[in-house]
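Residue numbers (this note's numbering): 780 to 1163. Where is the CB? At the ideal position from N, CA and C, for every residue including glycine. Following: one structure in structure tokens, then a few remarks.
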């Protein structure tokens, strides 16, 4: 639907007077994940994969990734033998030049895959084959029949990153212990030490440092043209783009709602993201977000070697799958780990040993909405 700016307010105002499902706002709502499921062509090529394998791959693809690029590729070697890699066209070279965040995302994908496979009676052997962060082939995956494990797949389907409506209540100790309980898994790499998670309330000195650092790192990144251009490339403002690409960020996933959501879907484009007003507004929004939460969860590792990053991606996803039942939201705020000077200072400033892999804004919610972020069909990321 294309309308002029002049007629926008007139139509929107009239639409708000209508009732229920007939309202203008509802009729012009954005594309959500469930909307795309009906568009998937069941006849699209997925040769070499059985029905249960396709379900496992779809569940794996519900893992988080930077800008929702969904960088994974799955190649079939032979039945029940795959190679998981990454698509170079979906790398974030401006904010993640060393593929640190990409490897964490691949780890989250593998965690979902292993959990889903267990519910179908498969044991999964994961062997890393990458030697360099820029290698396209990352992990060798082999399935064998084993015992069926009980895991509620709804946890994977309902996982969502949220940015707004956080309560300021501090996170309870028993809830922190629960969501950071890192269980031993059959595919866990034995040579990777256990992660360390540190919680800082928003009023603590560390919390205030993370607040200010996150604001200033966002400011620097928003005005660093390569990073902002990269962001612009991955925002799907219109419903047409959302249906075409089925990845990236949408107004819905960025929680731009109501009249504002309707406006940006019709009038924003790539160039809008590059304007000074958009960059300034980004920083203003972040400044409000960091003041409204229950604190910060920081996850450190001994190093940033490839096995560590893959395993910590798995640990992160395992934690992400726990938080909904405790009505806790997590918002990864990675800019301090992407921009100088913070990425070299943050561990020392927080009084921590090792290397920081995650800076997570956390908080309780009154209600937990369902996920809306886009997902590509399995046939788009598999190669037979």
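query	result
Between the CA atoms of residue 1140 and residue 1071 - distance to the nearest angstrom	9 angstroms
Unbroken stretches of the alpha helix (DSSP H), 4 residues or longer, contained in the stretch 999-1033	1004-1012, 1018-1024
Through-space distance from residue 1056 to residue 1046, alpha-carbon basis	15 angstroms
C-alpha distance - residue 870 paired with residue 884, whole-angstrom precision	11 angstroms
Contact set for residue 913: own chain, Cβ-Cβ below 7 angstroms, skip 5 residues either direction	878
C-alpha distance - residue 936 paired with residue 886, whole-angstrom precision	17 angstroms
Local conformation of residue 888 per DSSP, three classes	helix
Inter-stretch contact at 8 angstroms, needing at least 3 Cβ pairs: the stretch 838-847 / the stretch 904-919	no
CA nearest to the CA of residue 977, picked from 1161, 810, 1133, 1160	1133
Three-state class that DSSP yields for residue 1047 in the structure shown	coil
For residue 1162, the three-state DSSP class (helix, strand or coil)	strand
Distance, residue 875 Cα to residue 1117 Cα	7 angstroms
N-terminal and C-terminal residue of the beta strand (DSSP E) that residue 919 is part of	916-924
Buried versus exposed call for residue 816 [16 or more other C-beta atoms within 10 Å across all chains shown]	exposed
For residue 828, the three-state DSSP class (helix, strand or coil)	coil
Contact check, residue 1090 vs residue 891, beta carbons under 8 angstroms	no
Own chain partners of residue 1009 with C-beta closer than 7 angstroms, once the 5 adjacent residues on each side are dropped	871, 873, 874
Under 8 angstroms between C-beta atoms of residue 1031 and residue 1151	yes
Cβ-based burial, residue 1050 [other Cβ within 10 Å; buried from 16]	exposed
Residue environment, residue 806, which counts as buried when at least 16 other CB atoms sit within 10 Å	Per-residue confidence for residue 806 stands at a pLDDT of 44, beneath the threshold of 50, marking its modelled position as unreliable; the derived number appears in the next sentence. It counts as exposed.
Member of 1027, 1006, 881 whose CA lies at the smallest distance from the CA of residue 1016	1027
Span of the beta strand (DSSP E), counted from its first residue to its last, around residue 852	851-857
Beta bridge counterpart(s) of residue 991 as assigned by DSSP	Answer is none; residue 991 lacks a bridge partner.
With 16 other Cβ atoms within 10 Å as the buried cut-off, status of residue 1076	buried
When 859, 881, 1143, 1155 are compared against residue 899, the one with the closest alpha-carbon	859
Local conformation of residue 843 per DSSP, three classes	coil
Minimum C-alpha distance to residue 810 - residue among 1105, 1058, 1041	1041
Cβ-Cβ distance between residue 919 and residue 906 below 8 angstroms	yes
Option in 838, 829, 933, 851 with minimal Cα separation from residue 1149	933
Sub-8 angstroms separation of residue 1108 and residue 945 beta-carbons	yes
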